[in-house]
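Asks: Take 9 as the starting number for the sequence shown in the numbering used here and just add one per residue. Ideal Cβ positions, reconstructed from N, Cα and C, are used throughout, including at glycine.
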Amino acid sequence: PPITNHLPTADLQALDAAHHMHPFTTNDELGDKGARIITRAKGIYLTDSEGNEILDAMAGLWCVNLGYGREEMGNVAARQMNELPYYNTFFQTTHVPAIALAKELADLAPGDLNHVFFAGSGSEANDTNLRMVRTYWAQKGKPEKSHIISRKNAYHGSSVGSASLGGMTYMHEQGGLPIPGIHHIGQPDWYAEGGDMSPEDFGLKRAQELEAKIVELGADKVAAFIAEPVQGAGGVVVPPSTYWPEIQRICDKHDILLIADEVICGFGRTGNWFGSQTMGIKPHIMTIAKGLSSGYAPIGGSIVCDEVAEVINACEFNHGYTYSGHPVCAAVALENLRIMQEENIVAHVQNVAAPALKEALDKLGEHPLVGGVNVSGLMASLPLTPHKESRAKFADSGTAGYICREHCFANNLVMRHVGDRMIISPPLIITPEEIKIFAERATKALDATY
Ligand code: PLP
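#1: Residues in its own chain within less than 6 Å of residue 368 by CB, not counting five upstream and five downstream?
#2: Is it buried or exposed for residue 184, if we count other Cβ within 10 angstroms and need 16 for buried?
#3: Alpha carbons only, please: which of 336, 225, 208, 285 is nearest the one belonging to residue 248?
#4: Assign residue 131 to one of three DSSP states: helix, strand, or coil.
#5: Sort 283, 322, 71 by Cα distance to residue 434 and report the nearest one.
#6: Would you check if the stretch 166 to 173 and the stretch 206 to 225 touch, i.e. whether three or more CB-CB distances between them fall below 8 Å?
#7: Quick test of your reading: residue 343 and residue 84, contact by CB under 8 Å. State the CB separation rounded to the nearest angstrom.
#8: Is residue 178 near the ligand PLP, going by C-beta to nearest heavy atom under 8 Å?
#9: Considering only heavy atoms of the ligand PLP and the C-beta of each residue, which residues fall inside 7 Å, strictly closer?
#10: Thinking just about the alpha-carbon of each residue, which of 405, 450, 438 is nearest to the one in residue 428?
#11: Counting only the same chain and skipping the five closest in sequence on each side, list residues whose C-beta sits under 6 Å from that of residue 156.
#12: For the beta strand (DSSP E) containing residue 425, list its first residue and its last residue.
#13: Quick one: what's got a C-beta closer than 7 Å to residue 241's C-beta in the same chain, skipping five residues either side?
#14: Would you please state the rounded distance, in angstroms, between the beta carbons of residue 196 and residue 214? I believe it to be under 8 Å.
#15: Measuring CB to CB, does residue 329 end up less than 9 Å from residue 126?
#16: Can you tell me where the alpha helix (DSSP H) holding residue 207 begins and where it ends?
#17: Just tell me which of 117, 210, 325, 142 has its CA closest to the CA of residue 345.
#18: Leaving out the 5 sequence neighbours to the left and right, which residues in its chain are closer than 7 Å to residue 103 when beta-carbon positions are compared?
#19: Below 8 Å, how does it come out for the stretch 250 to 257 and the stretch 106 to 125: are there three or more Cβ pairs, yes or no?
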């Protein structure tokens, strides 16, 4: 029989296990239960093949910012597919969706970030950045200025280049990463690593690791520093207030390009259009993806400042993807940005949703299993702990988080776990009433885990 939603769940799960290789998943995890099959979605709710209505407090993978089921997005995609489904942007050709999206992004991005190099995903965009910053310095007669500094526990993607930029050691262990010339300094994770230091002192200390690494390598050898304004997949690490100003000072002083990976933070997640604005930094390049199209179409890119773009455009940058600026994806992204502006989504996050979420999280933070609250706008984590006062870690890291995630599912709630941190990153359209429902379900899951 054809494979449709009408097949029994168990049959679909068996086919899935037989033929579909899942990212970041073991067969054991799929186990006897099989994968949960999502059949449709509307607003902030998913429906699974058993008919459960599940509140998606992860916006898919931090991306469905507009929420599900926006028909305008589908209509635009269909229209564009009929008019011009594909053409490339290589070799002196272009098309209106790519032009319009690049212009729109240049208008939205702060400062002189006026140029866009498109990619199909965040990983591809960070691969672009890696090659772009090295090419930039080589074009300026400094080919040895090629080392890139990143951070432990950062996530910048899964491709060889972007996973090398990332600081996840369990990813480096597979496939012989990182590639040469990439260095990782400590993350500004006061909750996990700050010990008895004040957050401010700890933030400064971690920022100064950048200067120490630059001095060790020699500033004339360092091309760029890359970081997420707020680390997402690392567990929502909101840096202390002292961190970013010091990083900015160090990058300026040593003539190091600053790359802000805005794949999660961009497009309203932290209460401003970009996380760089929330953190008060001035990057030379911003990586974008996810919220650019609210996940409705695969598209990413690099927004590049005048100075870097001028140098790169003056040479032939031998880089690009078949789907760079794909017209359907670009049209969908444009529609996403149009709706965001029409509905004042960023102001909604800042003035309505983020304060409501903060209030709910502060209450959840009182739960005996929760050691603290990390939050910026609508991205947050609740670290689970066996001992609230000391922020102690569980001996078997990740087990409590996994169990809590299962209890979330049982209560029709999606929260992801990163180790023992429960992650919250809902669609940006979420209302205070929906946040109340989230908090009720999260409380039940925490109680069941405790
Ligand atoms: N950068 C950051 C900060 C991310 O969170 C992600 C994905 O989660 C990526 C890059 C990679 O993006 P993609 O999965 O679209 O390749």
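Replies: The short version:
#1: 443, 447
#2: exposed
#3: 208
#4: helix
#5: 71
#6: no
#7: 4 Å
#8: no
#9: 69, 70, 129, 130, 131, 132, 134, 163, 164, 165, 166, 170, 236, 240, 241, 269, 271, 272, 295, 297, 298, 308
#10: 405
#11: 190, 231, 232
#12: 424 to 426
#13: 163, 426
#14: 4 Å
#15: yes
#16: 207 to 225
#17: 117
#18: 92, 95, 335
#19: no
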